[in-house]
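S.K.:
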Amino acid sequence: MSSDRIKIVWIYPDLLSTYGDQGNTIVLERRAQLRGIATETVHLRSDEPVPPDGDVYLLGGGEDRPQILAAQRLRNDGGLHRAVQNGATVFAVCAGYQILGHEFGGEEGQPVPGLGLLDIRSYRGQNRAVGEVVSEVASELNVPRVTGFENHMGATAIGPNARPFSKVLSGVGNGDGQGFEGAYQGRILGTYMHGPALVRNPALADLVLSWALGRELPPLPPSWSERLREERLSAVLPAANGQP
Ligand code: GLN
175 MSSDRIKIVW
185 IYPDLLSTYG
195 DQGNTIVLER
205 RAQLRGIATE
215 TVHLRSDEPV
225 PPDGDVYLLG
235 GGEDRPQILA
245 AQRLRNDGGL
255 HRAVQNGATV
265 FAVCAGYQIL
275 GHEFGGEEGQ
285 PVPGLGLLDI
295 RSYRGQNRAV
305 GEVVSEVASE
315 LNVPRVTGFE
325 NHMGATAIGP
335 NARPFSKVLS
345 GVGNGDGQGF
355 EGAYQGRILG
365 TYMHGPALVR
375 NPALADLVLS
385 WALGRELPPL
395 PPSWSERLRE
405 ERLSAVLPAA
415 NGQP
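Read in the working numbering, the sequence shown has 353 at position 179, and its numbers run on one by one without any break.
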């Protein structure tokens with residue numbers, strides 16, 4: 175891991191890339207480059223081996239069947255496990271989030287084995303969760319309130335080795351009755367938020383970048399993406415400009 179260069183691996187765009195989640199790679203590239211950090215991005219198809227030397231691995235959302243296939247291929251490949259053992263950062267959305275856990279629910283609700291990299295367990299929920307989410311991020315992560323878009327049947331329970339990423343203010347999130355959205359463990363972070371999440375929430379993008387680089391980053395001037403975040407906050411929580 176070098177601090178003036180970052181290697182981003184976008185895992186399986188042919189299987190996991192719903193709702194524009196690829197935008198997460200673009201915003202990481204952009205926010206790194208604005209700070210003079212060179213980027214290399216690998217768009218890794220599901221028939222290619224996972225390179226174990228990435229600094230940050232991104233996974234997006236997907237329909238049930240591509241999600242099952244992606245989980246099988248990642249389990250067989252083993253490259254993501256090696257990368258995590260080497261300290262890589264992982265940011266995963268929805269189907270990608272569920273895949274990182276011990277298991278998730280398939281299209282008939284059958285349990286499908288995940289990668290076991292994040293201490294979560296997902297299963298088929300009662301109702302599909304669709305709509306905007308706003309949540310308050312765990313204070314130790316130092317990221318202001320985040321917004322996203324969710325669309326999932328799965329619900330997720332967090333085990334003792336992982337922590338909730340955020341507390342839901344509006345929307346469903348993990349949907350297991352605990353009121354949380356997403357989970358993280360070390361440098362692995364999963365969320366149900368599409369949006370894409372890192373485009374809508376620049377401070378979250380910077381957290382992922384700082385984990386991947388192993389250092390704090392100088393702030394950037396507020397940009398259109400800050401304005402986008404504020405617009406979504408006040409659209410979902412209109413009272414007092416986003417304050418509940
Ligand atoms: N197929 C999964 C579910 O419905 C993930 C959906 C998604 O990635 N949007 O829970």
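Backbone N, C-alpha and C fix where the C-beta goes; we use that ideal spot for every residue, glycine too.
Since the structure is predicted, the reported quantities are computational estimates derived from the model, not experimental observations.
Excluding sequence positions up to five away, which residues of its chain have a Cβ less than 7 Å from the Cβ of Gly280?
M.R.: Position 106 of the sequence shown, counting from 1, holds the residue named residue 280. Same-chain partners within the cutoff: Asp238, Ile242, Val286.
S.K.: When the Cβ atoms of the segment 321-337 are set against those of the segment 289-296, are three or more pairs found closer than 8 Å?
M.R.: Contact holds: three or more Cβ-Cβ distances are below 8 Å.
S.K.: As a quick exercise: from Asn348, Arg401, Leu383, pick the residue whose alpha carbon is nearest that of Tyr366.
M.R.: For the purposes of this step, residue 366 is taken as the residue at position 192 of the sequence shown. Nearest of Asn348, Arg401, Leu383 to Tyr366, Cα basis: Asn348.
S.K.: Using CA atoms only, rank isn't needed, just tell me which of Asp188, Arg249, Thr263, Gly197 is closest to Arg389.
M.R.: Mapped onto the sequence shown, residue 389 falls at position 215. Residue Thr263 is the option with its Cα nearest to Arg389.
S.K.: Would you kindly check if the distance between the Cβ of Ala245 and the Cβ of Ile273 is under 8 Å?
M.R.: Locating residue 273 in the sequence shown gives position 99, where the first residue counts as 1. Locating residue 245 in the sequence shown gives position 71, where the first residue counts as 1. Yes.
S.K.: Does the separation of the CB atoms of Leu372 and Val201 fall below 8 Å?
M.R.: The residue you call residue 372 lines up with position 198 of the sequence shown. The residue you call residue 201 lines up with position 27 of the sequence shown. Contact flag set, yes.
S.K.: Indicate whether Gly234 and Gly270 have their beta-carbon atoms separated by less than 8 Å.
M.R.: Here the question's residue 234 lines up with position 60 in the sequence shown. Here the question's residue 270 lines up with position 96 in the sequence shown. The answer is yes: Cβ separation under 8 Å.
S.K.: Grab me the residues of Gln207's own chain with a C-beta within less than 7 Å of its C-beta, minus the 5 sequence neighbours each way, in chain order.
M.R.: To locate residue 207, count along the sequence shown from 1; it is residue 33. These residues qualify, in order along the chain: Thr213.
S.K.: Answer yes or no: do Pro318 and Ala377 have a C-beta to C-beta separation smaller than 8 Å?
M.R.: Within the sequence shown, numbered from 1, the residue matching residue 318 stands at position 144. Within the sequence shown, numbered from 1, the residue matching residue 377 stands at position 203. A contact, by the Cβ cut-off of 8 Å.
S.K.: Is any heavy atom in the ligand GLN found nearer than 7 Å to the beta carbon of Gly272?
M.R.: For this step, residue 272 is matched to residue 98 along the sequence shown. The sequence given here places Gln at residue 272; Gly does not occur at that position. Yes, Cβ of Gln272 sits closer than 7 Å to a heavy atom of the ligand GLN.
S.K.: Name the DSSP beta bridge partners of Tyr231, please?
M.R.: As a working note, residue 231 is residue 57 in the sequence shown. Answer by DSSP bridge pairing, in chain order: Val183, Val264.
S.K.: Helix, strand or coil, according to DSSP, for His276 in the structure here?
M.R.: As a first step, residue 276 must be located in the sequence shown, where it is residue number 102. His276: coil per DSSP, three-state reduction.
S.K.: Between the beta-carbon of Val410 and the beta-carbon of Glu324, is there less than 8 Å?
M.R.: Start at 1 with the first residue of the sequence shown, and residue 410 comes out as number 236. Start at 1 with the first residue of the sequence shown, and residue 324 comes out as number 150. No, they are not a contact pair.
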